[in-house]
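Peer 1: Just so you know, the sequences run in chain order H and E. With the working numbering applied, the first sequence corresponds to residues 1 to 328, in that order. With the working numbering applied, the second sequence corresponds to residues 329 to 686, in that order. Quick one: this structure, given as structure tokens, is what I'll be asking you about.
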Amino acid sequence: MPDQVLFAMEVMLNGLMAGVMYALVALGFVLIYKASGIFNYSQGVMALFAALTLVGIQQGQVPFAHLINAVFGTEIHHFGWHLPAIVAIILTIGVMIGLAILIEHFVLKHLVNQEPIILFMATIGLAYFLEGVGDLMWGSDIKKMDVGLPQGLSEFIDTTTYNWFGYGFFIDRLDIAATIIAAILVAGLVAFSQYTKQGRALRAVADDHQAALSVGISLQFIWVLVWSIAGFVALVAGIMWGTKSGVQFSLSLIALKALPVLMLGGFTSIPGAIVGGLIIGVGEKLFEFMIGPLVGGATENWFAYVLALLFLVFRPQGLFGEKIIERV
Amino acid sequence: MFYREAGDFKTSYVADNQTFPIAFDRYRYYAVLAVAFLVVPFIVNDYWANAVLLPFLIWAIAAIGLNILTGYCGQVSLGTGGFMAVGAYACYKFMTAFPDLNIAFCVLLGGAVTALVGVLFGLPSLRIKGFYLAVATLAAQFFLVWLFNRVPWFYNYSASGQISAPERTVFGVPVTGPNTSAWATYLFCLVFLVVLAWLARNLTRGTVGRTWMSIRDMDIAAEIIGVNPLRAKLTAFAASSFFVGIAGALFFSVYLGAVEVGEAFGINKSFLVLFMIIIGGLGSIFGSLAGAAFMVLLPVLLKNVLVGGFGWDTALAAHLELVIVGALIIGFLIAEPHGLARLWELAKEKLRLWPFPH
């Protein structure tokens, strides 16, 4: 095969892997949008916050150390322990559930029946708040995330493809791990929503708030539940992105990429989030590979948005979104 | 006692339709203008102009622009930063291509170019609505910033990739470049703000403004009673982008002087302006001004208190500022979704009866 085609194939594979990462973030958006009609802008910052918390707990940092030091003039930084990854992950899940309860109690409860746009703005406020709290709690320096995920070039794929095509594909083992974990996560979510009582309640709320209320489903509980699940998804996404490129503020910007993914797939569809993620991942990598050099590169910054924009002009509800019916 | 309609007889339609129907309001408005034009220029110094007054004037213009689109026409835009960049770069190109052209015209032309670009990015709004549109405007934000970063023609092939404003004068007084004085830049921006606010106020209470509001309240119903949605939405995008473009041009040429596009017009700026109109009040010109003042003053105040007062680290203060801004926004949305403008209205209602309870 000619080299160009092989290159393009490698780029495509890497794009698919990147797409999985986008889809992971987009999944969190879809869950919350379906269950409560809230477009949760803070999903990306939640991923950052979860990743920061995980690293902080793992390394035994004292929360709010900088703030405490500044106020009381003390010099504390670390508890001096180093927790195993699995304990830190469980503790972080606990923190994210606590966060969900706080958000429900202090924000969502007071904004019932407001217009969607007001709720959207509230989540932007929440994003700022969480970003500030995350930085205050754990400091704003770039942190290294290590929870034992495999990293670096996959030699197995490299040698196999070299034997087949005479050209070794460069694929990060982390991306493969991410794909597998994402698949397990989605399967788990589907099983949860299909086969458990809470999952059914969740789908009922997503279908029709008032009907769900009338058969005795507690909206408050469902909201806490869905924000907790979104927090968990954010944690998984945060671990992936954090391991890949370090835990830092740009993590929350990468999460913005999930927005065109959502537009493409439709706000209300879980398969849409995944397919959209893959399309965007492959599309932007291929575009950068083919057209990028002609126009000065770094097209990845905007390609996803423009693709989604053009796509929406022809299909305003996205690929798998529910048909928008408007009545006067 | 002073604030009342009684005794203020209107004898013509013009008098009946004026912006400030209550005499007290009218005099207060003239008084504010008089102070802004006749007192402040004589006492303003560099610190106040650069830290408070210029940012306020410029962001107020941007906030009015976004309020036209989001508050009056109901189309949420997250592309404000990108449109400001268009205004800045258009102004820069006009300034360098036509050195003899007065800077005021460069700024206005910058606004006009932005209006065209705004219409272009507003076209999808005819099919895309709500959140989908908000995300679609992000395309404008990222694409435009990328464009100004990557195409050397826009920054005149300068080595640093930055654009910097050459010195230009108005009536012989420099308003851009390194040799400006605080009062000149302040007055220059103030004139723009006053004229544009007056324009916006009159646009929004006229026919155009009413079609915008009908589209905002329910677009299908508006279409049925004969409002042309294409026209309404595109005029809103054009007017809004014109304002935002002028704000961008002033931000670059008068306030910053030199600009690196990703830093000066990034997505954070889009959110900043959005916060201004939420906190100030959607669909209110006064709200835009109040919101801009609030969002400009808050960081200055926090910085003075935390860094100057408690001697904290600036990074720590910046983080705490994020927390406070976020909490304030949520708090505002819960307590008063209609913003400062609504509080102002309530205060005026109370003032009408004061000091008698009935």
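Ideal Cβ placement from N, Cα and C applies to all residues, glycine included.
If I measure Cβ to Cβ from residue 473 of chain E and keep anything under 8 Å in the same chain, skipping five residues before and after, which residues do I get?
Peer 2: Looking up residue 473 of chain E in the second sequence gives position 145. For residue 473 of chain E, where only same-chain residues beyond five positions count, the Cβ hits under 8 Å are 409, 410, 413, 589, 590, 593, 594.
Peer 1: List, in order along the chain, the chain H residues whose C-beta lies closer than 8 Å to that of residue 654 of chain E?
Peer 2: Your numbering for residue 654 of chain E matches position 326 in the second sequence. What residue 654 of chain E touches in chain H: 125, 126, 127, 128, 129, 130, 131, 132.
Peer 1: Near residue 394 of chain E, what residues of its chain come up, given a Cβ to Cβ distance below 6 Å and the 5 sequence neighbours on each side ignored?
Peer 2: For this step, residue 394 of chain E is matched to residue 66 along the second sequence. The answer, listed in chain order, is 408, 601, 605.
Peer 1: So the alpha helix (DSSP H) residue 556 of chain E belongs to, where does it begin and stop?
Peer 2: Position 228 of the second sequence, counted from the start, is the residue given in the question as residue 556 of chain E. Looking at the DSSP string, residue 556 of chain E is not in any alpha helix (DSSP H), and its letter there is neither H nor E.
Peer 1: In whole angstroms, give me the CA-to-CA distance for residue 286 of chain H and residue 306 of chain H.
Peer 2: As a position in the first sequence, residue 286 of chain H is number 286, starting the count at 1. As a position in the first sequence, residue 306 of chain H is number 306, starting the count at 1. Taking the straight line from one Cα to the other gives about 15 Å.
Peer 1: Buried or exposed: which applies to residue 162 of chain H, given that a residue is buried once 16 or more other Cβ atoms fall within 10 Å of its Cβ?
Peer 2: In the first sequence, the residue the question calls residue 162 of chain H occupies position 162. Residue 162 of chain H comes out exposed.
Peer 1: How long is the line joining the alpha carbons of residue 272 of chain H and residue 223 of chain H, rounded to whole angstroms?
Peer 2: As a working note, residue 272 of chain H is residue 272 in the first sequence. As a working note, residue 223 of chain H is residue 223 in the first sequence. The alpha-carbon atoms of residue 272 of chain H and residue 223 of chain H are separated by roughly 22 Å.
Peer 1: Output, in sequence order along the chain, the residues in the stretch 576–603 of chain E whose CB is closer than 9 Å to any CB in chain H.
Peer 2: Residues 595, 599, 602, 603.
Peer 1: Indicate whether the contact test is met: 3 or more Cβ pairs, each with one atom in the stretch 519–537 of chain E and one in the stretch 571–591 of chain E, closer than 8 Å.
Peer 2: At 8 Å Cβ cutoff, the stretches touch.
Peer 1: Does residue 501 of chain E come out as helix, strand or coil in the three-state DSSP assignment?
Peer 2: For the purposes of this step, residue 501 of chain E is taken as the residue at position 173 of the second sequence. In this structure, residue 501 of chain E counts as strand in the three-state DSSP scheme.
Peer 1: Thinking just about the alpha-carbon of each residue, which of H:247, H:256, H:302 is nearest to the one in residue 23 of chain H?
Peer 2: Taking the first sequence and counting its residues from 1, one reaches residue 23 of chain H at position 23. Minimum Cα distance to residue 23 of chain H is reached at H:256.
Peer 1: Whole angstroms are fine: how far does the CA of residue 388 of chain E sit from the CA of residue 124 of chain H?
Peer 2: If you number the first sequence from 1, residue 124 of chain H lands on position 124. If you number the second sequence from 1, residue 388 of chain E lands on position 60. When rounded, the distance between both Cα atoms is 21 Å.
Peer 1: Using only the alpha-carbon positions, how far apart do residue 377 of chain E and residue 208 of chain H sit?
Peer 2: Residue 377 of chain E sits at position 49 when you count from the first residue of the second sequence. Residue 208 of chain H sits at position 208 when you count from the first residue of the first sequence. Cα to Cα, residue 377 of chain E sits roughly 54 Å from residue 208 of chain H.
Peer 1: Any idea if residue 308 of chain H is buried or exposed, counting beta-carbon neighbours within 10 angstroms, 16 or more meaning buried?
Peer 2: The residue labelled residue 308 of chain H in the question sits at position 308 within the first sequence. It counts as buried.
Peer 1: Residue 332 of chain H lies in the alpha helix (DSSP H); which residues open and close that run?
Peer 2: Given a span of 1 to 328 for chain H in the structure shown, any question on residue 332 of chain H remains unanswerable.
Peer 1: In the DSSP assignment, the alpha helix (DSSP H) including residue 487 of chain E goes from what residue to what residue?
Peer 2: Working through the second sequence from its first residue, we reach residue 487 of chain E at position 159. Neither: residue 487 of chain E is in no alpha helix (DSSP H) and is coded neither H nor E.
Peer 1: Strictly below 8 Å CB to CB, what residues from chain H border residue 481 of chain E?
Peer 2: Position 153 of the second sequence, counted from the start, is the residue given in the question as residue 481 of chain E. The contacting residues do not exist; residue 481 of chain E stays about 12 Å from chain H at best.
Peer 1: Quick check: the Cα distance between residue 765 of chain E and residue 139 of chain H, rounded to an integer number of angstroms?
Peer 2: With chain E represented from 329 up to 686, any question about residue 765 of chain E goes unanswered, as that position is not in the structure.
Peer 1: Output, in sequence order along the chain, the residues in the stretch 225–246 of chain H whose CB is closer than 7 Å to any CB in chain E.
Peer 2: Per Cβ criterion, the list is empty.
Peer 1: Considering Cα atoms alone, identify which of E:479, E:524, E:478, E:495 is closest to residue 426 of chain E.
Peer 2: In the second sequence, the residue the question calls residue 426 of chain E occupies position 98. Of the candidates E:479, E:524, E:478, E:495, the one whose C-alpha sits nearest the C-alpha of residue 426 of chain E is E:495.
Peer 1: Rounded to whole angstroms, what is the Cα-Cα separation between residue 144 of chain H and residue 8 of chain H?
Peer 2: In the first sequence, counting from the first residue as 1, residue 144 of chain H sits at position 144. In the first sequence, counting from the first residue as 1, residue 8 of chain H sits at position 8. Approximately 31 Å between the Cα atoms of the pair.
Peer 1: Under 8 Å, do residue 313 of chain H and residue 557 of chain E count as touching if we go by C-beta distance?
Peer 2: As a position in the first sequence, residue 313 of chain H is number 313, starting the count at 1. As a position in the second sequence, residue 557 of chain E is number 229, starting the count at 1. No, they are not a contact pair.
Peer 1: What residue does the alpha helix (DSSP H) around residue 478 of chain E start on, and which one ends it?
Peer 2: Here residue 478 of chain E corresponds to residue number 150 of the second sequence, with the count starting at 1. Residue 478 of chain E -> alpha helix (DSSP H) spans 458–478.
Peer 1: Less than 8 Å between the beta carbons of residue 471 of chain E and residue 302 of chain H, yes or no?
Peer 2: The sequence position of residue 471 of chain E within the second sequence is 143, counting from 1. The sequence position of residue 302 of chain H within the first sequence is 302, counting from 1. Result yes, Cβ atoms of residue 471 of chain E and residue 302 of chain H sit closer than 8 Å.
Peer 1: Give a yes or no on whether 8 Å exceeds the smallest Cβ distance from residue 463 of chain E to chain H.
Peer 2: Taking the second sequence and counting its residues from 1, the one referred to as residue 463 of chain E is at position 135. So yes, residue 463 of chain E belongs to the interface.
Peer 1: Can you list, in chain order, the residues of its chain whose CB lies under 8 Å from that of residue 498 of chain E, leaving out five sequence neighbours each side?
Peer 2: Start at 1 with the first residue of the second sequence, and residue 498 of chain E comes out as number 170. If we look at residue 498 of chain E and ignore the five residues flanking it on each side, its Cβ neighbours are 430, 431, 432, 512, 516.
Peer 1: According to a CB-to-CB cut-off of less than 8 Å, which residues of the stretch 30–44 of chain H neighbour chain E?
Peer 2: So the list reads 39, given in the order they occur along the chain.
Peer 1: Would you identify the three-state DSSP class for residue 61 of chain H, choosing helix, strand or coil?
Peer 2: Position 61 of the first sequence, counting from 1, holds the residue named residue 61 of chain H. Reduced to three states, the DSSP call for residue 61 of chain H is strand.
Peer 1: Return the CA-CA distance between residue 205 of chain H and residue 483 of chain E, expressed in angstroms with no decimal places.
Peer 2: If you number the first sequence from 1, residue 205 of chain H lands on position 205. If you number the second sequence from 1, residue 483 of chain E lands on position 155. Their backbone Cα atoms lie some 53 Å apart in a straight line.
Peer 1: Are the beta-carbon atoms belonging to residue 667 of chain E and residue 615 of chain E less than 8 Å from one another?
Peer 2: Translated into the one-based positions of the second sequence, residue 667 of chain E becomes position 339. Translated into the one-based positions of the second sequence, residue 615 of chain E becomes position 287. Yes, the pair counts as a contact, with Cβ atoms nearer than the cut-off.
Peer 1: Applying the criterion that 16 or more other CB atoms from any shown protein chain within 10 Å of the CB defines a buried residue, is residue 632 of chain E buried or exposed?
Peer 2: Working through the second sequence from its first residue, we reach residue 632 of chain E at position 304. So residue 632 of chain E ends up on the exposed side.
Peer 1: Below 8 Å between beta carbons: does that hold for residue 337 of chain H and residue 100 of chain H?
Peer 2: For residue 337 of chain H there is no data in the structure shown, the boundaries of chain H being 1 and 328.
Peer 1: Which class does residue 631 of chain E belong to by DSSP, given the choice of helix, strand or coil?
Peer 2: As a first step, residue 631 of chain E is located in the second sequence; it is residue number 303 there, counting from the start. If DSSP states are grouped into helix, strand and coil, residue 631 of chain E belongs with the helices.
Peer 1: Quick one: Cα of residue 576 of chain E to Cα of residue 360 of chain E, how far?
Peer 2: The residue labelled residue 576 of chain E in the question sits at position 248 within the second sequence. The residue labelled residue 360 of chain E in the question sits at position 32 within the second sequence. When rounded, the distance between both Cα atoms is 25 Å.
Peer 1: Would you mind telling me which residues of chain C sit closer than 9 Å to residue 267 of chain H, beta carbon to beta carbon, in chain order?
Peer 2: Although the question refers to chain C, the structure presented lacks it and instead comprises the protein chains H and E.
Peer 1: Which residues in chain H have a C-beta closer than 8 Å to the C-beta of residue 350 of chain E? List them in chain order.
Peer 2: The sequence position of residue 350 of chain E within the second sequence is 22, counting from 1. What residue 350 of chain E touches in chain H: nothing, since even the nearest Cβ is about 30 Å away.
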